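Everything below concerns the one structure shown next.
Number of protein chains: 2
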Amino acid sequence: MIIDKPYAIGVDVGGTNTVFGIVDKRGQIIKSGSIKTGKHAEIKDFIDELSGALDTLINQVGTKDEIKGIGVGAPNGNFFTGSIEFAPNLRWKGVIPFVEMMEERIGIPVALTNDANAAAIGEMTYGAAIGMKDFIVVTLGTGVGSGIVVNGKLVYGHDGFAGELGHVIMRRSNGRLCGCGRTGCLEAYSSATGLARTAREYLDMRPNENSKLRTMPIEDITSKDVFDAALDGDEMAKEVFQFTGEILGEAFADFVAFSSPEAIILFGGLANAGDLIMKPIRESMEKNLLNIYKNKIKLLFSELKESDAAVLGASALGWEVK
Amino acid sequence: MIIDKPYAIGVDVGGTNTVFGIVDKRGQIIKSGSIKTGKHAEIKDFIDELSGALDTLINQVGTKDEIKGIGVGAPNGNFFTGSIEFAPNLRWKGVIPFVEMMEERIGIPVALTNDANAAAIGEMTYGAAIGMKDFIVVTLGTGVGSGIVVNGKLVYGHDGFAGELGHVIMRRSNGRLCGCGRTGCLEAYSSATGLARTAREYLDMRPNENSKLRTMPIEDITSKDVFDAALDGDEMAKEVFQFTGEILGEAFADFVAFSSPEAIILFGGLANAGDLIMKPIRESMEKNLLNIYKNKIKLLFSELKESDAAVLGASALGWEVK
């Protein structure tokens, strides 16, 4: 007998907050909540608080029997092992057997992946990639992440760590130092922090050029400040977006040579910059594409509402739990 | 009723020769032959000659009912459309509906893909990738090609043209002109022709350095000459292999960030150089890998006997024809 359960749960473990929600089959979040990720030094205490909060939500809509599964998106979440492995931005060090601990505590099947993979599953289930079998989601936030779908399935790779496209090397000489310890990674240029860094470099290197960005302390400049200045017509700020988009476009042209996707979908902070970022990406990608791929690849923005996207993405994994 | 047919046919359409064979389930080529690819200006006449030659072979082992399918590897062969599309090295221009024409003529199901994809299926069926679900075959011949396997399936992409890893950009400024019309492609450096070009550049740029390669006309130097000189202890020739392998290793590190494969398998001409090419690849790849991938990725040589590899690879596709 197949029991068609009406709900899945999505949990997004972020560096600061962990947000969660009960989601129905149409992608509506019908109950949601959040807790502080960093409150507990021990992962056991965190799982206790999270499970307690979920129990409360579940009781408001029905019983545990109506939940198909819990999908969790977390930094360095490994789908194959069910563990969070060496996540630099979380308090719990080493390998955390998240799925095992969570299932034991709450009695519902749990699946785990990283946040970019969760975003890709979310786009496929509820967003811009409905009906697509080959696409790539690129998340442009504090870092650059990616979730790759081939033949309708997420690419996890041999070890569960496929899709680290923020760490392909875009500049092989004099490349910027990346958080990963290497130099020249895409992430060092095209994340929100990379974009702010470009702005600071431009301000430093062109002392005689006027810019609205000079009205604030240079160390405090964020991607949002650059965005506001660019919208306001600031030439230097617009150039910063141009440079950031060009490098992304170069990288996307190489990604296409790998999996020839129907679309590349932008997700996260910088995606909110709209045409400021999309236009240079598109021009640079087309310029750099091998002939057989030209004018074929769709460039899209995520269609998940931003505040819900992480929970929806994780919940989409919850439907697939076995 | 499932009829378990004992044979598949592999056809490899090369720029000069088209070789073919009847293959049994153990990967033994039991009958084989070849014809000249360039003899016929009309594709129809080529298909006639090829089909006639296959009919003769089939009659020697039994009947058409015993052939599961015909797999064809050809330049720019598209698995989805069954067409050879704009192949620069073949006489037949534009889009050639190869599968349709061949099936009509010979009455056996036919499937088509490009030669590097055929090589990947061959390694998975009979070679170094038996039992693997995630790996990449890189072919190092006149060009650089690739066949990517994810979750046990070949990655064809949205349009059938995935896996053009010879055309990722390795040098973004002052890159070498590639046959594709762009500059800085992996293929321009790390194909057999790219390697010979490196040798010519070194000879030109270092007029005072001694090398066995100076004993022949510089335009005539081939990868084989560089290989022979390197085996003979020639320092410049060894450096040429070092440089070629380093760029391949840099590229492989980026490929790993995409699909996190169990192995990368070298196939074709340059793979015969053994440690001369493998050692610099391995060192450079490990140096360039993101930490989470270090010391995990196997680098292997093809285990298909070279003279048979193309036919075996194509025949492996023949088993999968529906």
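Residue numbers (the working numbering), protein chains in the order written: chain A, 538 to 859; chain B, 538 to 859. Note that beta-carbon positions come from the ideal geometry of N, C-alpha and C, so glycine has one too. Being a predicted model, the structure only gives us computed values, none of them experimental.
Using the Cβ count rule (16 or more neighbours within 10 Å means buried), how would you classify I539(B)? Taking the second sequence and counting its residues from 1, one reaches residue 539(B) at position 2. Legend: pLDDT at I539(B) = 49, less than 50; position of this residue unreliable, no value from coordinates given.
Given that P864(B) touches chain A, what residues does it touch there, using C-beta distances under 9 Å? Residue 864(B) falls outside the range modelled here, since chain B spans only 538 to 859, and no answer is possible.
Please decide whether A794(B) counts as near chain A, where near means a Cβ-Cβ distance under 7 Å. Locating residue 794(B) in the second sequence gives position 257, counting from the first residue. Cβ-Cβ to chain A under 7 Å: yes for A794(B).
Given a limit of 8 Å on CB to CB distance, which residues of the stretch 700-732 of chain B reach chain A? Going along the stretch 700-732 of chain B in chain order, one finds G700, E701, L702, H704, V705, I706, M707, R708, R709, C717, G718 and R719 with a Cβ nearer than 8 Å to chain A.
Do the stretch 760-780 of chain A and the stretch 724-734 of chain A meet, that is, are 3 or more Cβ pairs less than 8 Å apart? Taking 8 Å as the limit for Cβ pairs, the verdict is that the stretch 724-734 of chain A does touch the stretch 760-780 of chain A.
Got a sec: which bits of the stretch 611-624 of chain B sit with their beta carbon under 9 Å from any beta carbon on chain A, in order along the chain? If the cut-off is 9 Å between Cβ atoms, the stretch 611-624 of chain B has N613, E622 and F623 near chain A.
With 7 Å as the threshold, decide whether the Cβ of V687(A) is near any Cβ in chain D. The displayed structure is made up of protein chains A and B, and chain D is not among them.
Any C-beta of chain B under 7 Å from that of E857(A): Looking up residue 857(A) in the first sequence gives position 320. Closer than 7 Å: no.
Measuring only the C-alpha atoms, how far is I673(A) from V686(A)? Locating residue 673(A) in the first sequence gives position 136, counting from the first residue. Locating residue 686(A) in the first sequence gives position 149, counting from the first residue. Between I673(A) and V686(A), the alpha-carbon positions lie close to 6 Å from each other.
Specify, as a first and last residue, the run of the beta strand (DSSP E) that V674(B) falls within. Taking the second sequence and counting its residues from 1, one reaches residue 674(B) at position 137. First-last of the beta strand (DSSP E) with V674(B): F672 to L677.
Identify which residue in W629(B), K816(B), A846(B) and D549(B) has its Cα closest to the Cα of L837(B). Here residue 837(B) corresponds to residue number 300 of the second sequence, with the count starting at 1. Measuring from the Cα of L837(B), the nearest candidate turns out to be K816(B).
Suppose the cutoff is 7 Å on Cβ atoms and the five residues either side in sequence are ignored; what does the same chain contact list for N613(A) look like? On the first sequence, residue 613(A) is found 76 positions in, with the first residue counted as 1. Cβ neighbours of N613(A) beyond the five flanking positions: I621, E622, F623, A624 and N651.
Quick check: the stretch 793-805 of chain B against the stretch 694-701 of chain A, are there 3 or more CB pairs under 8 Å? Per the Cβ contact rule, the stretch 793-805 of chain B is in contact with the stretch 694-701 of chain A (3 or more Cβ pairs under 8 Å).
Contact set between L827(B) and chain A, taken where Cβ atoms lie within less than 8 Å: Mapped onto the second sequence, residue 827(B) falls at position 290. Near L827(B) (Cβ distances below 8 Å), the residues of chain A are E701, H704, C717 and R719.
Short check: CB of I580(A) to CB of I643(A), under 7 Å? Locating residue 580(A) in the first sequence gives position 43, counting from the first residue. Locating residue 643(A) in the first sequence gives position 106, counting from the first residue. In this structure, I643(A) does not lie closer than 7 Å to I580(A) by Cβ.
Roughly how many angstroms separate the alpha carbons of I814(B) and L807(B), rounded to a whole number? The sequence position of residue 814(B) within the second sequence is 277, counting from 1. The sequence position of residue 807(B) within the second sequence is 270, counting from 1. One C-alpha to the other measures close to 8 Å.
A853(A) and V609(A) closer than 7 Å at C-beta: As a first step, residue 853(A) is located in the first sequence; it is residue number 316 there, counting from the start. As a first step, residue 609(A) is located in the first sequence; it is residue number 72 there, counting from the start. No; because the gap between Cβ atoms is not below 7 Å, this pair is not in contact.
For the beta strand (DSSP E) holding V692(B), just list the boundary residues, first then last. Looking up residue 692(B) in the second sequence gives position 155. Where V692(B) is concerned, there is no enclosing beta strand (DSSP E), given that its DSSP letter is neither H nor E.
Span of the beta strand (DSSP E), counted from its first residue to its last, around Y544(A): Position 7 of the first sequence, counted from the first residue, corresponds to residue 544(A). Per DSSP, Y544(A) is one residue of the beta strand (DSSP E) stretching across Y544 to V550.
Which class does F804(A) belong to by DSSP, given the choice of helix, strand or coil? As a first step, residue 804(A) is located in the first sequence; it is residue number 267 there, counting from the start. Three-state DSSP puts F804(A) in a strand.
I want to know whether the stretch 780-789 of chain A touches the stretch 819-831 of chain A - three or more CB-CB distances under 8 Å. Counting C-beta pairs with one atom in each stretch, the stretch 780-789 of chain A and the stretch 819-831 of chain A have three or more that are closer than 8 Å, which means they touch.
Hey, could you find the ends of the alpha helix (DSSP H) K833(A) is sitting in? Sequence index remark: in the first sequence, residue 833(A) carries index 296 (1-based). No alpha helix (DSSP H) holds K833(A); DSSP gives it neither H nor E.
Would you mind sorting E772(B) into buried or exposed? The rule is 16 or more other CB atoms within 10 Å of its CB. In the second sequence, the residue the question calls residue 772(B) occupies position 235. E772(B) is classed as exposed because its beta carbon has fewer than 16 other beta carbons within 10 Å across all chains shown.
Using only the alpha-carbon positions, how far apart do A767(A) and V681(A) sit? As a working mapping, residue 767(A) is identified with position 230 in the first sequence. As a working mapping, residue 681(A) is identified with position 144 in the first sequence. Approximately 22 Å between the Cα atoms of the pair.
Let me make sure I understand the geometry here. Which of G782(A), I801(A), A790(A) and V858(A) has the alpha-carbon closest to that of A810(A)? Translated into the one-based positions of the first sequence, residue 810(A) becomes position 273. Looking at the Cα atoms, G782(A) is the closest of the given residues.
Counting only Cβ pairs nearer than 7 Å, list the residues of chain A close to K833(B). Against the second sequence, residue 833(B) aligns to sequence position 296. Those are D696, listed as they occur along chain A.
Run through chain B and tell me which residues come within less than 9 Å of E787(A), C-beta to C-beta. Counting from one through the first sequence, the residue named residue 787(A) turns up at place 250. Result: I706 and R709.
Counting only C-beta atoms, is D585(A) closer than 7 Å to chain B at any point? Walking along the first sequence from the start, residue 585(A) turns up at place 48. The beta-carbon of D585(A) is placed no less than 7 Å from the nearest beta-carbon of chain B.
What does DSSP give as the partner residues of N615(B) in its beta bridges? Walking along the second sequence from the start, residue 615(B) turns up at place 78. DSSP output for N615(B) lists S620(B) as bridge partner(s).
If I measure Cβ to Cβ from R709(A) and keep anything under 7 Å in the same chain, skipping five residues before and after, which residues do I get? Numbered from its first residue, the first sequence carries residue 709(A) at position 172. The residues are G721.
In this structure, does DSSP put L750(B) in helix, strand or coil? Residue 750(B) sits at position 213 when you count from the first residue of the second sequence. Note: L750(B) maps to helix in three-state DSSP.
CB N654(B) to CB G689(B), shorter than 7 Å? In the second sequence, the residue the question calls residue 654(B) occupies position 117. In the second sequence, the residue the question calls residue 689(B) occupies position 152. No, the pair does not count as a contact, with Cβ atoms beyond the cut-off.
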